[in-house]
Amino acid sequence: MARYTFPARLLLGFLFAASGISKLLLPVEEFAAVVQIYELLPPALIFPFAKILPWLELLLGVYLFLGYATRLSSAGLGILSASFIIALGINLLRGTPLGECGCFGKALSLSPLQALGLDMLLLGLAILIYKNPPRTLSLDHLLKRNQSR
Amino acid sequence: MRLTPNQRYYGTGLLILVCLVGAVSLARTLYWKQRPPLLLEKIKGPPDAPITLLEFSDFQCPACRAAQKPLQQILKNYGERIRIVFKHFPLERIHPWARSAAIAAECAHRQGRFWGYHDLLFENQTAWSSSRSGDFLSNYALQLGMDGPRFESCLQDPTADRKVTREAAEARARRIHSTPTFLLNGQPLVGGRQLLERGPQLIERILKVRGGG
Chain A
1 MARYTFPARL LLGFLFAASG ISKLLLPVEE FAAVVQIYEL LPPALIFPFA
51 KILPWLELLL GVYLFLGYAT RLSSAGLGIL SASFIIALGI NLLRGTPLGE
101 CGCFGKALSL SPLQALGLDM LLLGLAILIY KNPPRTLSLD HLLKRNQSR
Chain B
1001 MRLTPNQRYY GTGLLILVCL VGAVSLARTL YWKQRPPLLL EKIKGPPDAP
1051 ITLLEFSDFQ CPACRAAQKP LQQILKNYGE RIRIVFKHFP LERIHPWARS
1101 AAIAAECAHR QGRFWGYHDL LFENQTAWSS SRSGDFLSNY ALQLGMDGPR
1151 FESCLQDPTA DRKVTREAAE ARARRIHSTP TFLLNGQPLV GGRQLLERGP
1201 QLIERILKVR GGG
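Those protein sequences? They're chains A and B, same order as listed. Each residue of the first sequence is one higher than the one before, counting from 1 in the working numbering. Each residue of the second sequence is one higher than the one before, counting from 1001 in the working numbering.
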């Protein structure tokens, strides 16, 4: 299984880290405008959410990429993917003209349907990693190995 | 000092976090550093107004048209204390007439009719957006009493096109990617909704600091 979960860990970690950094390099107002279009949060929470989410994506993405707190990171990223699926799904049902998903800042433009497909794939990978955390080339493995010395 | 395995484990997590915060701060500093100066040309309002609202906009963008209402409301509410500066940011990839409209508006500016032309373009956006010919550009110019031949010759003038390119570059250098984006004394607001919800609050704060409220 590690043959599959190791590349899955790298891919999932990289995608979330890239998504986080692409948002963090833009003014927070850019992502806040995207969050506003989804109309799922009360106005008071839009800016705090727009500030926190990219950091969460970056931190959990890098943790997972490096194999640190692998199960916790994959669970966190799985929850994020599931919440994106719900947010996109609700707005697709509402018929909101989203244009593009806004998932990767301005670095990559995905249609809502493409984003939905990608998020489902990422959720699947997160579940796979959570169930079978790969220990290959991971900080978890390295730090635990040192512990046992 | 010897660290326990737990300290080593959580310390590693903390170290990664600190490195990320540092790297992002550095990247932002480097990424946001180079900003060519802004040309302030198409201005509405008193030149010495304490509030400057820069509008990076695209005449073919529906959200830019929708933002005109809150923009007018803000102008009405703050009168002599605010000036608006228009900057072209045509999103040509999705709006085929955006650049032509921006060039035409630049030509209207040369005849001192920018704001009238601006209003006409936004008011009739739905009609001309699906147009197959660019005749509407000249028709609006004539409607505003502009010099037709001068306007036509300006449409072919590469300097008008270069002006639009320069303003779009000013936007990109400020990491602006969406239209409309407003800079309220430098503070970005993306879209009409942020302008409406956060604009007045920001303006009040600036006026209070400057003692002009």
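Don't be surprised by glycine CBs; every beta carbon is placed ideally from N, CA and C.
Helix, strand or coil at R149/A [DSSP, three-state]
For R149/A, the pLDDT reaches just 39, beneath the cut-off of 50, and the residue's location in the model is therefore unreliable, although a value from the coordinates is still provided. R149/A: coil per DSSP, three-state reduction.
Since E100/A is in the alpha helix (DSSP H), which residue starts that stretch and which ends it?
For E100/A, no alpha helix (DSSP H) run applies, since DSSP gives it neither H nor E.
Grouping DSSP H, G and I as helix and E and B as strand, with all else coil, what is R71/A?
helix
Between the Cα of A1173/B and the Cα atoms of Y1010/B, L1020/B, K1044/B, P1037/B, which residue gives the shortest distance?
Among Y1010/B, L1020/B, K1044/B, P1037/B, the Cα nearest to that of A1173/B belongs to P1037/B.
Show which residues of chain A have a CB atom less than 9 angstroms away from the CB atom of L1040/B.
In chain order: nothing, as chain A lies at least about 21 angstroms away.
With 8 angstroms as the threshold, decide whether the Cβ of Y4/A is near any Cβ in chain B.
no
Taking the alpha-carbon positions, what's the R149/A to Q1007/B distance?
At R149/A the pLDDT is 39, less than 50, meaning the model places this residue with poor confidence; the figure from the coordinates comes in the next sentence. Near 15 angstroms, if we compare the C-alpha coordinates of Q1007/B and R149/A.
Rounded straight-line distance, which links the Cα of A1098/B to that of G1045/B:
In this structure, the straight-line span from the alpha carbon of G1045/B to that of A1098/B is close to 25 angstroms.
Bridge partners - H1088/B, DSSP secondary structure assignment
S1057/B
Runs of alpha helix (DSSP H) wholly within the region 1097 to 1166 of chain B (minimum 4 residues, chain order)
1098 to 1110, 1114 to 1123, 1125 to 1129, 1135 to 1143, 1148 to 1155
So, A33/A versus L58/A, is the Cβ gap smaller than 8 angstroms?
no
Would you mind sorting R1093/B into buried or exposed? The rule is 16 or more other CB atoms within 10 Å of its CB.
exposed
I need the DSSP call for T1179/B, collapsed to helix, strand or coil.
coil
Chain A within 8 angstroms of R1008/B, Cβ atoms only
yes
Taking C-alpha atoms, which residue in D140/A, L12/A, S22/A, F49/A lies nearest to A1027/B?
S22/A
Strictly under 8 angstroms for the Cβ-Cβ distance: is A115/A near chain B by that measure?
A115/A has a beta carbon lying at 8 angstroms or more from every beta carbon in chain B.
Could you name the residues that DSSP lists as bridge partners for L169/A?
Since the first residue shown for chain A is 1 and the last is 149, residue 169/A is missing from the structure and cannot be characterised.
Does any residue of chain A bring its CB to less than 8 angstroms from the CB of A1168/B?
At a cut-off of 8 angstroms between C-beta atoms, A1168/B does not count as an interface residue with respect to chain A.
Anything in chain B within Cβ reach of P43/A, meaning under 8 angstroms, just list it in chain order.
E1197
How many Å lie between Q1068/B and G1011/B at the Cα?
52 angstroms
By Cβ distance below 7 angstroms, which residues in the same chain neighbour L118/A in space, the five residues on each side in sequence not counted?
L110
Please work out which residues of its chain come closer than 8 angstroms, Cβ to Cβ, to A69/A, disregarding the five sequence neighbours upstream and downstream, and give them in chain order.
The beta carbon of A69/A lies closer than 8 angstroms to those of Y63, D140 in the same chain, with the five residues before and after it left out.
By how many angstroms is the C-alpha of A1101/B removed from the C-alpha of E1167/B?
14 angstroms
Any beta carbon of chain B sitting closer than 8 angstroms to that of P27/A?
yes
Please name the residue in W55/A, I37/A, E39/A, L26/A whose C-alpha comes closest to that of A1033/B.
It should be noted that the sequence gives Lys, not Ala, for residue 1033/B. Checking every option, the nearest Cα to that of K1033/B belongs to L26/A.
Mind listing which residues of the region 1103 to 1122 of chain B have their C-beta closer than 7 angstroms to chain A's C-betas, in chain order?
Residues are counted here when their Cβ sits less than 7 angstroms from a Cβ of chain A; for the region 1103 to 1122 of chain B the count is zero.
Consult DSSP for T1029/B and reduce its assignment to one of helix, strand or coil.
helix
By the 10 Å Cβ neighbour count, where 16 or more other Cβ atoms means buried, how is C1019/B classified, buried or exposed?
exposed
CB contact flag (A1108/B, A1141/B, <8 angstroms)
Yes; because the gap between Cβ atoms is below 8 angstroms, this pair is in contact.
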